[in-house]
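Participant: Numbering (the UniProt record's numbering), first residue to last: 1 to 300.
(1) What whole-angstrom Cβ distance do residue 182 and residue 172 have, given they're in contact under 8 Å?
(2) Three or more beta-carbon pairs under 8 Å between the stretch 276-285 and the stretch 233-250, yes or no?
(3) Could you check whether residue 89 and residue 31 sit closer than 8 Å to each other, using their CB atoms as the reference points?
(4) Please classify residue 84: does DSSP put it in a helix, a strand, or coil?
(5) Which residues mark the beginning and the end of the beta strand (DSSP E) in which residue 242 is found?
(6) Within 10 angstroms of its Cβ, does residue 118 collect 16 or more other Cβ (buried), or is it exposed?
(7) For residue 137, verify whether its CB is less than 7 Å away from any heavy atom of the ligand ATP.
(8) Could you check if residue 227 is buried or exposed, using at least 16 other CB atoms within 10 Å of its CB as the buried criterion?
(9) Relative to the alpha-carbon of residue 167, which residue among 56, 106, 223 has its alpha-carbon at the smallest distance?
(10) Going by beta carbon distance, what residues of the same chain come within less than 7 Å of residue 112, once the five residues before and after it are set aside?
(11) By the DSSP assignment, the beta strand (DSSP E) with residue 27 in it spans what residues?
(12) If you follow the alpha helix (DSSP H) that residue 201 is part of, which residue opens it and which one closes it?
(13) Find the nearest neighbour of residue 185 within the set 251, 140, 263, 218, judged by alpha-carbon distance.
(14) Does residue 99 come out as helix, strand or coil in the three-state DSSP assignment?
(15) Using the three-state DSSP reduction, which class does residue 305 fall into: helix, strand or coil?
(16) For residue 262, I'd like the list of residues in its chain whose CB is within less than 6 Å of its CB, leaving aside the five on either flank, ordered along the chain.
(17) For a minimum of 4 consecutive residues, which ranges assigned as the alpha helix (DSSP H) are wholly contained in the stretch 245-273?
(18) According to DSSP, simplified to helix, strand and coil, what is residue 128?
(19) How long is the line joining the alpha carbons of residue 10 and residue 289, rounded to whole angstroms?
(20) Distance check for residue 54 and residue 231, CA to CA, integer angstroms please.
(21) Apart from the five residues on each side of it in sequence, which residues of its chain come closer than 6 Å, Cβ to Cβ, to residue 271?
(22) Is the beta carbon of residue 170 less than 8 Å from the beta carbon of residue 293?
(23) Tell me where the alpha helix (DSSP H) around residue 174 begins and ends.
(24) Which residues does DSSP pair with residue 179 in a beta bridge?
(25) Could you give the distance in angstroms between the alpha-carbon of residue 43 and the alpha-carbon of residue 104?
(26) Would you please state the rounded distance, in angstroms, between the beta carbons of residue 192 and residue 241? I believe it to be under 8 Å.
(27) Output yes or no for whether 8 Å exceeds the beta carbon distance between residue 35 and residue 98.
(28) Could you please give me the residues that DSSP links to residue 184 through a beta bridge?
(29) In chain order, what residues of the same chain have a beta carbon less than 7 Å from the beta carbon of residue 140, not counting five sequence neighbours either side?
(30) Should residue 286 go down as buried or exposed, given a rule of 16 or more other Cβ atoms within 10 Å for buried?
(31) Would you kindly work out how many angstroms separate the C-alpha atoms of residue 92 and residue 197, rounded to a whole number?
(32) Looking only at its chain, what residues have a beta carbon closer than 6 Å to the beta carbon of residue 63, apart from the 5 residues adjacent to it on each side?
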């Protein structure tokens, strides 16, 4: 028998159902899709074949596939970081293909290091031997430092992941008018897509407002870091904020009513005009809206 319970808070209805109808990865995603011209000739040929052969996996199924690949790679004796095939999300337009690589080697390295976090040294070494941990650390540091830009002609990572909520700074990059919503059974999706040039302008404007109003606050530094990340990509890229695995936790009404980017815009406008009350009100509404989702992590 299937049971469903709801958690309500500040106008948001959060649904919890059986394991069968809720994906195991309760995460949102911030992705950048780059045009083929952003890649070298070898990569362009590879991605064209990849699409022609029908290998591309959509964002609805991709997270599960990524988890499977990572777990299989880590389960192969923990002796090395395997060479994994290049996979990507793909958007096709009239002009070109847009590619969002999965960077699976980085994901495996990140997972290997995460497996050691908070675990006694003896157990950590049993799960992930020091030699493998060293290799994983090197891979992660290379990507995060941008060392792979020169080596592979691509920025560090094309997809950021956040579990049990959407970081407030992500809403800076998009506008409410860019919302794409589907509540069809089996095809429930909420995402925002925009041109990277628009996302960059919004990010720089938000950073300027935050620095003037709040100084070197954590949110100011977070927006600055994300702004630098956006600057690494091709100027004709697309930015996508995908609610992904959070969608099954939200009712159709909650998805339709979501105006989180609008609340962020209202808060920034309040700060820029010295209206602290309106900025605070918008911020509190946004925090209350997502608190119900975040609290589900404790009950999961």
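Ideal placement from N, C-alpha and C gives every residue a C-beta, glycine not left out.
Facilitator: In brief:
(1) With 8 Å as the limit, residue 182 and residue 172 do not qualify as a contact, their Cβ atoms being about 24 Å apart.
(2) Between the stretch 276-285 and the stretch 233-250 there are fewer than three C-beta pairs closer than 8 Å, too few to call the two in contact.
(3) yes
(4) coil
(5) 238-242
(6) exposed
(7) Annotation note on the ligand ATP: not contained in the displayed structure, which lists no ligands.
(8) Buried is the call here.
(9) 223
(10) 74, 128, 132, 133, 136
(11) First-last of the beta strand (DSSP E) with residue 27: 27-35.
(12) 196-214
(13) 251
(14) strand
(15) Nothing about residue 305 can be read from this structure; the chain reaches only from 1 to 300.
(16) Contacts found: 176.
(17) Counting only runs of 4 or more, we get 252-257, 260-272.
(18) For residue 128, the three-state secondary structure derived from DSSP is coil.
(19) Note that residue 10 has pLDDT 33, beneath the 50 cutoff, so the model's placement of it is unreliable and the number below is only indicative. Put simply, the backbone Cα of residue 10 is about 6 Å away from that of residue 289.
(20) Counting only the Cα atoms, residue 54 lies some 31 Å from residue 231.
(21) The residues are 209, 213, 279.
(22) no
(23) Premise fails: residue 174 is in no alpha helix (DSSP H) and is neither H nor E.
(24) 192
(25) Taking the straight line joining both Cα atoms gives about 16 Å.
(26) 4 Å
(27) The answer is yes: Cβ separation under 8 Å.
(28) Answer by DSSP bridge pairing, in chain order: 187.
(29) 106, 109, 110, 113
(30) buried
(31) 19 Å
(32) 25
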